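Participant:
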Amino acid sequence: MTGSTSGTASAPAPLTGSAAPCWVNLMTRDLESAQAFYGSVMGWTFRPGKLGQEFSVARRGDVPVAGIGAVATTFHVAVAWTPYFAVQDADVTAARIRERSGTVAVGPLALGKGRGALAADRDGASFGIWERTAPATSPPAPDDYAHTWLRLRTRNAFDAAIFYGEVMDWASGRPGSCEVTYAKDEVLVECGGRQLARISSGAVEAAPDPLVRPHWQVNFPVDDVSAAIASAQEHGGALIEELSRPQGREATLIDPDGGLFTLTDIPGAEVAGVL
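Residues are numbered in this note's numbering as their position in the sequence shown, beginning at 1, plus a constant of 1243.
Okay, structure coming up:
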């Protein structure tokens, strides 16, 4: 997860993957059952991870799209999909998180070809940081395809933008840094000329509903939302929320182990205006 681009020098960087500003990882309890579920729903295949027998890497064709680790119990964390953001120095970034009243729950520690940490912002939304210390060997995503889109639902979007901007060096003006812009009451994060995430206000920290509490929402694109919902329900998942928009549909589901995720058939070029 570096800020490097794929294809030609002028091509925008893929948003998620081994050579992108972000990676997504599922912390779960049982690796075999998670692979069976997401393999059926998403059509992913899996290869063993290099971090141990509790880890695997999900692939779309030959391209890595997500990590799965059966370590929720070991790390004493909730089952959840979590975005990991690329940083230059994990120790420096972890210190910035703590200085700004965030929490570093695990790490930084050596993980495969880099160093990572699991953290939470000051409103309680979990995220990770990743410092790559060795070159990526897997092929990057095609320039016209993002495996994941992100949305942070938080208490105050502008306060969160300041926190993440200072922690991640967003809007720093440095080469390869992500840019931050404002659209009405939301904050947009763009990397390599393409939107990585939206940050929106309105979350409630003490809400019993996990969709209302501050959290990073991981959105996966699919061709057929209805078919994916049916497959998820057939394999032990449940539909939590479904929304229809002029551009398409999105559905938030929960996997058999308790992990929330969102599926959408809204084209990537249009997601920026509707999520």
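Cβ atoms here follow ideal geometry from the backbone N, Cα and C, with glycine treated the same way. Predicted model only: the values in this text are computed from it and were never measured.
Return the residue from the list Ala1337, Pro1489, Glu1374, Lys1427 that minimises the CA-CA distance to Phe1406.
Facilitator: It is Ala1337 whose Cα lies nearest to the Cα of Phe1406.
Participant: Ala1440: which of Thr1271, Thr1397, Gly1304, Gln1296 sits nearest, CA to CA?
Facilitator: Measuring from the Cα of Ala1440, the nearest candidate turns out to be Thr1397.
Participant: Which value, in whole angstroms, describes the spacing of the CA atoms of Thr1346 and Ala1481?
Facilitator: Roughly 31 angstroms separates the two Cα atoms.
Participant: Should Val1447 go down as buried or exposed, given a rule of 16 or more other Cβ atoms within 10 Å for buried?
Facilitator: That one is exposed.
Participant: If you run the structure through DSSP and keep just helix, strand and coil, what is Ile1509?
Facilitator: Note: Ile1509 maps to coil in three-state DSSP.
Participant: Tell me, which residues are paired with Ser1299 by DSSP?
Facilitator: Pro1291, Ile1311.
Participant: Can you give me the C-alpha to C-alpha distance between Gly1501 and Thr1288, rounded to a whole angstrom?
Facilitator: One C-alpha to the other measures close to 21 angstroms.
Participant: Between the alpha carbons of Glu1433 and Ser1420, how many angstroms are there, rounded?
Facilitator: Roughly 9 angstroms separates the two Cα atoms.
Participant: Rounded to a whole number of angstroms, what is the C-alpha to C-alpha distance between Pro1489 and Val1335?
Facilitator: Cα to Cα, Pro1489 sits roughly 43 angstroms from Val1335.
Participant: In three-state terms, what does DSSP make of Glu1374?
Facilitator: Of the three classes helix, strand and coil, the one that applies to Glu1374 here is strand, per DSSP.
Participant: Buried or exposed for Phe1504, going by 16 or more other Cβ atoms inside 10 Å?
Facilitator: Its Cβ being crowded by 16 or more others within 10 Å, Phe1504 is buried.
Participant: Leaving out five residues on either side along the sequence, give the residues of the same chain with a beta carbon under 6 angstroms from the beta carbon of Ala1348.
Facilitator: Only Leu1361 meet the Cβ criterion.
Participant: For Arg1358, which of Gln1331, Arg1341, Gly1304 has the nearest alpha-carbon?
Facilitator: Of the candidates Gln1331, Arg1341, Gly1304, the one whose C-alpha sits nearest the C-alpha of Arg1358 is Gln1331.
Participant: Could you check whether the region 1278 to 1288 touches the region 1320 to 1327, counting it as contact only if at least three pairs of C-beta atoms, one from each stretch, sit closer than 8 angstroms?
Facilitator: No, because fewer than three Cβ pairs between the region 1278 to 1288 and the region 1320 to 1327 fall closer than 8 angstroms, the two stretches do not touch.
Participant: What are the partner residues of Val1425, as DSSP defines its beta bridges?
Facilitator: The sequence shown places Tyr at residue 1425, not Val. In DSSP, Tyr1425 forms a bridge with Val1430.
Participant: Starting from the C-beta of Asp1364, find all residues in its chain whose C-beta is less than 6 angstroms away, skip the five residues before and the five after it, and write them out in chain order.
Facilitator: Within the same chain, Asp1364 has close Cβ partners Gly1345, Phe1406.
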